[in-house]
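A.B. asks: Quick one: this structure, given as structure tokens, is what I'll be asking you about.
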Amino acid sequence: MYQCQICAYEVEPFISFGRMPIANGFLTPAQFEHEYFFDLIVGYCPKCKMVQLLEFVDREKMFHEQYAFFSSTSSFMARHFGMFAERVMQDFLAGVCDPFVVEIGSNDGILLENFARRNIRHLGVEPSANVAEAALIKGVTSICAFFDENIARQIVSKNGHADAIIAANVMCHIPYLHSVAKGIKLLLKPDGIFIFEDPYLGDILEKTAYDQIYDEHAFYFSLQSIQHLFSQYELEVIHTEPQNVHGGSMRYYISHKGIHAPSSSVMTQIDKERMLGLHQRETYELFRKSVEKSRDQLKQLLLNLKNENRRVVGYAATSKSATVTNYCSITTDLLEYISDTTPIKQGKYSPGVHIPVRPYEEFKTDYPDYALLFGWNHAAEIMAKEKTFIGRGGKWIVYVPKVQIIG
Ligand code: DWN
Ligand code: SAH
Numbered sequence: 008m009y010q011c012q013i014c015a016y017e018v019e020p021f022i023s024f025g026r027m028p029i030a031n032g033f034l035t036p037a038q039f040e041h042e043y044f045f046d047l048i049v050g051y052c053p054k055c056k057m058v059q060l061l062e063f064v065d066r067e068k069m070f071h072e073q074y075a076f077f078s079s080t081s082s083f084m085a086r087h088f089g090m091f092a093e094r095v096m097q098d099f100l101a102g103v104c105d106p107f108v109v110e111i112g113s114n115d116g117i118l119l120e121n122f123a124r125r126n127i128r129h130l131g132v133e134p135s136a137n138v139a140e141a142a143l144i145k146g147v148t149s150i151c152a153f154f155d156e157n158i159a160r161q162i163v164s165k166n167g168h169a170d171a172i173i174a175a176n177v178m179c180h181i182p183y184l185h186s187v188a189k190g191i192k193l194l195l196k197p198d199g200i201f202i203f204e205d206p207y208l209g210d211i212l213e214k215t216a217y218d219q220i221y222d223e224h225a226f227y228f229s230l231q232s233i234q235h236l237f238s239q240y241e242l243e244v245i246h247t248e249p250q251n252v253h254g255g256s257m258r259y260y261i262s263h264k265g266i267h268a269p270s271s272s273v274m275t276q277i278d279k280e281r282m283l284g285l286h287q288r289e290t291y292e293l294f295r296k297s298v299e300k301s302r303d304q305l306k307q308l309l310l311n312l313k314n315e316n317r318r319v320v321g322y323a324a325t326s327k328s329a330t331v332t333n334y335c336s337i338t339t340d341l342l343e344y345i346s347d348t349t350p351i352k353q354g355k356y357s358p359g360v361h362i363p364v365r366p367y368e369e370f371k372t373d374y375p376d377y378a379l380l381f382g383w384n385h386a387a388e389i390m391a392k393e394k395t396f397i398g399r400g401g402k403w404i405v406y407v408p409k410v411q412i413i414g
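Using the numbering used here, you'd call the opening residue of the sequence shown number 8 and step up by one each time.
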């Protein structure tokens, strides 16, 4: 029996991907022998509606001084976070004397640099030392720590309370969310705002985006599950806004209870979730079937291309690609290498299936016949810059929302 991480009720497992490696655990051949694996199983809590992993990997195994994901590798995301920062400044900081902004999971400073540039008091809380260092170099004040209740208390005593706490693609990474919620409760000013965004459960299910499921993503949030969690701490969701990043995300605005009247977006979203069947067991069963179908189709497509002697390479060694390659058993006989722009990943091998990760320059100088788009969430940005690849007869293989060839 698995207990819900949020409400301790019995969680119902609905999909298992088998033994999986650390998604950002790119390695050298010397490290293959001792590679770490865990059971990637997802379940649904019928009581508090939280969709969650059933086995959590120790945080120190994932977030450390060799963390492989640097947020600033996407110029589209840099623009997105620039607009996010503008919104916070205009809607919540205008007129506030000497405002103070805290970001949880600030990575290389992609969001906070917008505040730093305007000399707004800010602090990033980021446990992966190498990316936190990259932020510091940009002039973004950061501490290397995992955010929780104790860190929140330390920030209050050193810097005071926060006018805004922001977080992107990190809340869903933290299994101990009760401690995080307590930290937010005590760090936020009485009229302060907590805004966070994460991949949205409704989009993951609708688009069969099963590759969003990997070790770092402990939770798959819906508005219902978020309301349930924060209401225990007298914190209230006052507004929600869908975002078109990472394949479909949701931004949640949270304040102390009773401070702001919730906007109509909250009721509208709850109704939508009912229509999507997020509270029904069958929805998750259907998702599992779609995932299995998608896996079989992708595998078959790659086998057909191999039989036709086509050259296929992976495009972007995303965390998500760890789930796809391992779950679909995509090995080097189907995929020559994965092209990626991140120096720390280049020259290493992908987790589990050990496909070589090569610099993007190799892709550009010797185009393959097909590129399997692991960075499908950045399709607009990537396809715009890869017009020559298509012009020379190259084709994309995508698998979200369905397996297809584009080009
Ligand atoms: O939640 C998370 C999100 C925000 O970022 C983290 N757990 C880890 C990470 O997930 P991801 O690795 O799936 O993120 P992305 O942004 O989909 O992929 C980033 C990777 O793609 C980097 O290795 C760089 C690569 N990339 C590339 O090679 N060429 C990206 C772009 C845009 C490109 O043009
Ligand atoms: N916010 C960035 C980074 C997302 S990746 C973006 O949207 O691009 C997730 C980040 O959260 C990593 O940098 C990781 O080191 C950090 N992280 C993981 N657990 C954390 C915790 N408990 N507190 C703060 N940051 C955490």
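Note that CB positions come from ideal geometry on N, CA and C, so glycine has one too. Remember, it's a predicted structure, so these values are computed and weren't measured experimentally.
Give every residue of the same chain whose Cβ lies closer than 6 angstroms to the Cβ of leucine 309, excluding the five residues on either side of it in the sequence, and list them in chain order.
C.D. replies: Taking the sequence shown and counting its residues from 1, the one referred to as residue 309 is at position 302. Closer than 6 angstroms at the Cβ level, and outside the excluded window around leucine 309, lie Leu341.
A.B. asks: Indicate, with yes or no, if ligand 1 has a heavy atom lying under 7 angstroms from the CB of asparagine 176.
C.D. replies: Sequence index remark: in the sequence shown, residue 176 carries index 169 (1-based). True, at least one ligand heavy atom lies under 7 angstroms from that Cβ.
A.B. asks: Bridge partners for methionine 282 per DSSP, in chain order?
C.D. replies: As a position in the sequence shown, residue 282 is number 275, starting the count at 1. DSSP lists no partner for methionine 282.
A.B. asks: Per DSSP, what kind of secondary structure is leucine 119 in: helix, strand or coil?
C.D. replies: Looking up residue 119 in the sequence shown gives position 112. Leucine 119: coil per DSSP, three-state reduction.
A.B. asks: With distances taken from CA atoms, which of Ala15, Met8, Phe24 and Gln38 is nearest proline 358?
C.D. replies: Translated into positions along the sequence shown, residue 358 becomes position 351. The option with the nearest alpha carbon to proline 358 is Gln38.
A.B. asks: Could you compute how far the alpha carbon of lysine 4 sits from the alpha carbon of arginine 365?
C.D. replies: The chain is shown from 8 up to 414; residue 4 falls before or after that span and cannot be answered.
A.B. asks: Find out if the Cβ-Cβ distance for the pair serine 262, glutamate 243 is shorter than 8 angstroms.
C.D. replies: Here residue 262 corresponds to residue number 255 of the sequence shown, with the count starting at 1. Here residue 243 corresponds to residue number 236 of the sequence shown, with the count starting at 1. In contact: serine 262 and glutamate 243 (Cβ atoms closer than 8 angstroms).
A.B. asks: Report yes if the C-beta of threonine 275 is less than 7 angstroms from at least one heavy atom of ligand 1; otherwise report no.
C.D. replies: Counted from its first residue, the sequence shown places residue 275 at position 268. No.
A.B. asks: Could you give the first and the last residue of the continuous beta strand (DSSP E) run that contains valine 407?
C.D. replies: Translated into the one-based positions of the sequence shown, residue 407 becomes position 400. Segment: none, valine 407 is in no beta strand (DSSP E) and carries neither H nor E.
A.B. asks: Any heavy atom of ligand 1 closer than 7 angstroms to the Cβ of alanine 378?
C.D. replies: In the sequence shown, residue 378 corresponds to position 371, counting from 1. No, ligand 1 has no heavy atom inside 7 angstroms of this Cβ.
A.B. asks: Which residue spans inside the stretch 220 to 268 form an unbroken alpha helix (DSSP H) run of at least 4?
C.D. replies: Counting whole runs of 4 or more residues, the stretch 220 to 268 contains the alpha helix (DSSP H) stretches 230 to 238.
A.B. asks: What do you get for leucine 184, buried or exposed, if any count of 16 or more other CB atoms within 10 angstroms of its CB means buried?
C.D. replies: For the purposes of this step, residue 184 is identified with residue 177 of the sequence shown, where counting begins at 1. Answer is buried; the Cβ neighbour count reaches 16.
A.B. asks: Between alanine 75 and lysine 352, which are expected to be in contact by the criterion C-beta below 8 angstroms, what is the C-beta distance as a whole number of angstroms?
C.D. replies: In the sequence shown, the residue the question calls residue 75 occupies position 68. In the sequence shown, the residue the question calls residue 352 occupies position 345. Sure, about 5 angstroms apart at Cβ, within 8 angstroms.
A.B. asks: Where do the N-terminal and C-terminal ends of the alpha helix (DSSP H) with tyrosine 367 fall, by residue?
C.D. replies: Along the sequence shown, one-based indexing puts residue 367 at 360. 367 to 372 is the span of the alpha helix (DSSP H), which, as asked, contains tyrosine 367.
A.B. asks: Who are the Cβ neighbours of threonine 80 in its own chain at under 7 angstroms, not counting the five residues just before and after it?
C.D. replies: Numbered from 1 along the sequence shown, position 73 holds the residue referred to as residue 80. Hits under 7 angstroms: Thr348 and Thr349.
A.B. asks: Please report the straight-line C-alpha distance between glutamate 315 and tyrosine 377, rounded to a whole angstrom.
C.D. replies: The sequence position of residue 315 within the sequence shown is 308, counting from 1. The sequence position of residue 377 within the sequence shown is 370, counting from 1. Rounded to the nearest angstrom, the two C-alpha atoms are 12 angstroms apart.
A.B. asks: Provide the residue span of the beta strand (DSSP E) that contains arginine 399, from first to last.
C.D. replies: In the sequence shown, the residue the question calls residue 399 occupies position 392. Segment: none, arginine 399 is in no beta strand (DSSP E) and carries neither H nor E.
A.B. asks: Below 8 angstroms, can you find three or more Cβ-Cβ pairs linking the stretch 14 to 28 to the stretch 36 to 52?
C.D. replies: The answer is yes - the stretch 36 to 52 touches the stretch 14 to 28, with three or more Cβ pairs under 8 angstroms.
A.B. asks: Can you name the start and end residues of the beta strand (DSSP E) that serine 4 belongs to?
C.D. replies: What is shown of the chain runs 8 to 414, which leaves residue 4 out entirely.
A.B. asks: Is the distance from the Cβ of tyrosine 356 to the Cβ of proline 20 below 8 angstroms?
C.D. replies: The residue labelled residue 356 in the question sits at position 349 within the sequence shown. The residue labelled residue 20 in the question sits at position 13 within the sequence shown. Not closer than 8 angstroms, so no.
A.B. asks: Can you have a look at threonine 275 and say buried or exposed, based on whether 16 or more other CB atoms are within 10 angstroms of its CB?
C.D. replies: As a position in the sequence shown, residue 275 is number 268, starting the count at 1. When all chains shown are included, threonine 275 counts as exposed.
A.B. asks: So serine 135 is in the beta strand (DSSP E); what residue range does that whole segment cover?
C.D. replies: On the sequence shown, residue 135 is found 128 positions in, with the first residue counted as 1. Here serine 135 belongs to no beta strand (DSSP E), and DSSP marks it neither H nor E.
A.B. asks: Just checking valine 132 against ligand 2 - is the residue's beta carbon closer than 7 angstroms to any of the ligand's heavy atoms?
C.D. replies: Residue mapping note: residue 132 aligns to position 125 of the sequence shown, counting from 1. Correct: valine 132 has its Cβ closer than 7 angstroms to ligand 2.
A.B. asks: What I want to know is whether the C-beta of isoleucine 389 ends up closer than 7 angstroms to one or more non-hydrogen atoms of ligand 1.
C.D. replies: As a working note, residue 389 is residue 382 in the sequence shown. Yes.
A.B. asks: When every heavy atom of ligand 2 is checked, does at least one fall within less than 7 angstroms of the C-beta of isoleucine 117?
C.D. replies: Against the sequence shown, residue 117 aligns to sequence position 110. Answer for isoleucine 117: yes, Cβ within range of ligand 2.
A.B. asks: Looking only at its chain, what residues have a beta carbon closer than 8 angstroms to the beta carbon of proline 408, apart from the 5 residues adjacent to it on each side?
C.D. replies: Here residue 408 corresponds to residue number 401 of the sequence shown, with the count starting at 1. Excluding sequence neighbours, proline 408 sits near Glu213, Lys214, Thr215 and Ala216.
A.B. asks: Report whether the distance from the Cβ of histidine 385 to the nearest heavy atom of ligand 2 is below 7 angstroms.
C.D. replies: On the sequence shown, residue 385 is found 378 positions in, with the first residue counted as 1. Every heavy atom of ligand 2 is 7 angstroms or more from the Cβ of histidine 385, so no.
A.B. asks: Should arginine 281 be counted as a contact of ligand 2 given a C-beta to heavy atom distance under 7 angstroms?
C.D. replies: Position 274 of the sequence shown, counted from the first residue, corresponds to residue 281. The answer is no for arginine 281.
A.B. asks: Can you tell me whether DSSP reads lysine 196 as helix, strand or coil?
C.D. replies: Stepping through the sequence shown from its first residue, residue 196 is reached at position 189. Residue state, collapsed to three classes: strand.
A.B. asks: Can you tell me which of the three DSSP states alanine 324 falls into?
C.D. replies: Looking up residue 324 in the sequence shown gives position 317. Three-state result, alanine 324: coil.
A.B. asks: Anyone know if the C-beta pair for isoleucine 421 and isoleucine 404 falls short of 8 angstroms?
C.D. replies: Coverage of the chain is limited to positions 8 through 414, which leaves residue 421 absent and any answer about it impossible.
A.B. asks: I'd like to know whether the C-beta atoms of serine 82 and glutamate 388 end up nearer to each other than 8 angstroms.
C.D. replies: Within the sequence shown, residue 82 is the residue found at index 75, counting from 1. Within the sequence shown, residue 388 is the residue found at index 381, counting from 1. In this structure, glutamate 388 lies closer than 8 angstroms to serine 82 by Cβ.
A.B. asks: Based on Cα-Cα distance, which residue from Gln10, Cys14, Tyr9 and Thr325 lies nearest to serine 232?
C.D. replies: Looking up residue 232 in the sequence shown gives position 225. Looking at the Cα atoms, Cys14 is the closest of the given residues.
A.B. asks: Just mark leucine 193 as buried or exposed, buried being the case when its beta carbon has 16 or more other beta carbons within 10 Å.
C.D. replies: Your numbering for residue 193 matches position 186 in the sequence shown. Under this definition leucine 193 is an exposed residue.
A.B. asks: Who are the near neighbours of glycine 116 in its chain, counting only those whose CB is closer than 6 angstroms to its CB and skipping five residues on each side?
C.D. replies: Locating residue 116 in the sequence shown gives position 109, where the first residue counts as 1. The answer, listed in chain order, is Ala142, Lys145 and Val147.
A.B. asks: Do the stretch 50 to 67 and the stretch 82 to 98 touch if we need at least three Cβ pairs shorter than 8 angstroms?
C.D. replies: As far as the Cβ criterion goes, the stretch 50 to 67 does not touch the stretch 82 to 98, which means the pair count is below three.
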